[in-house]
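Asker: One structure, pasted below without further comment.
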Amino acid sequence: GAGVSQSPSNKVTEKGKDVELRCDPISGHTALYWYRQSLGQGLEFLIYFQGNSAPDKSGLPSDRFSAERTGGSVSTLTIQRTQQEDSAVYLCASSPLSGRATEAFFGQGTRLTVV
Amino acid sequence: AQKVTQAQTEISVVEKEDVTLDCVYETRDTTYYLFWYKQPPSGELVFLIRRNSFDEQNEISGRYSWNFQKSTSSFNFTITASQVVDSAVYFCALSASGGSYIPTFGRGTSLIVHP
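So the protein sequences, as listed, match chains Z and D. Sequential numbering of the first sequence, starting at 26, is according to my numbering. Sequential numbering of the second sequence, starting at 185, is according to my numbering.
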């Protein structure tokens, strides 16, 4: 498809387990963002990739969170030793070029539930 | 630092009523971009409009209109003659150089349109 694709759409995991969330951005988009949306909250920025530059990790809430982007395309967000407060919808978005003057295109998100 | 405030958590209207969603932003940058997104129950954020800081012209698109006022740091969104399909969460966002052009989102306003 032509849009941003995220998988899985839903993930239930036990506290303490590691999880990996995947994002396939729109082909050709150089900017990729990860956000977290908790119930009743806005979108919390997590990490930003732009081309071959070092990612902006300033939004990652703890060292249990990490992300990588391979070949300037697919990105994986990993959460180690999951906690109940990690339960949220994780949204991925991409945009062309630097992204600043263009809108971000969002995927449908991965709903993570930690039990 | 940049910030977006959407003071209205939830708005409930009856179909055909007009409704205005408020957005107030904070940034020290003179060049910045403002956005509105719609998040229907399906979950995927959909881009509605982008405005740069040098263009204060109001915009109308069908039943949607946007009022950008730099003097009050506001970028309000009005839906005229609301319809049930307008029911969604609406997010206002800001990107500016001070934030590396990473979009900062408000907490969103949930609009419920009753038939």
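From the three backbone atoms N, C-alpha and C, an ideal C-beta is built for every residue, glycine too. No experiment lies behind these values; they were computed from the predicted model shown.
1) Does the distance from the CB of D:A265 to the CB of D:K200 come in under 7 Å?
2) Rounded to a whole number of angstroms, what is the C-alpha to C-alpha distance between Z:A56 and Z:E45?
3) Within its chain, find whatever has a CB closer than 7 Å to the CB of Z:P33; leave out the 5 residues flanking it on each side and keep chain order.
4) For Z:S91, collect the residues of the same chain with a Cβ closer than 7 Å to its Cβ; drop the 5 residues on either side in sequence, then sort them by chain order.
5) Please report whether the beta-carbon of D:G290 lies at a distance below 7 Å from any beta-carbon of chain Z.
6) Starting from Z:E128, find everything on chain D with Cβ-Cβ shorter than 7 Å and list it in chain order.
7) Provide the residue(s) that pair with Z:A129 in DSSP beta bridges, ordered along the chain.
8) Output the distance between the C-alpha atoms of Z:D88 and D:V269, rounded to the nearest integer angstrom.
9) Indicate whether Z:V37 and Z:T138 have their beta-carbon atoms separated by less than 7 Å.
10) Would you mind listing the beta strand (DSSP E) stretches within the stretch 196-250 of chain D that are 3+ residues and don't spill past its ends, in chain order?
11) Does DSSP put Z:S87 in a helix, a strand or coil?
12) On a Cα-Cα basis, can you pick out the residue from Z:G41, Z:I51 and Z:Q66 that is closest to D:F275?
Answerer: In short:
1) Against a cut-off of 7 Å, the Cβ pair of D:K200 and D:A265 comes out as a contact.
2) Going by the C-alpha atoms only, they are around 20 Å apart.
3) These residues qualify, in order along the chain: T135.
4) Only T103 meet the Cβ criterion.
5) Closer than 7 Å to some Cβ of chain Z, the Cβ of D:G290 qualifies, so yes.
6) Near Z:E128 (Cβ distances below 7 Å), the residues of chain D are F219, F231 and R234.
7) Answer is none; Z:A129 lacks a bridge partner.
8) Taking the straight line from one Cα to the other gives about 41 Å.
9) Cβ atoms of Z:V37 and Z:T138: closer than 7 Å.
10) Counting whole runs of 3 or more residues, the stretch 196-250 of chain D contains the beta strand (DSSP E) stretches 203-205, 208-210, 216-223, 230-236 and 243-245.
11) Judged by DSSP in its simplified three-state form, Z:S87 adopts coil rather than helix or strand.
12) Sorting Z:G41, Z:I51 and Z:Q66 by C-alpha distance to the C-alpha of D:F275 places Z:Q66 at the top.
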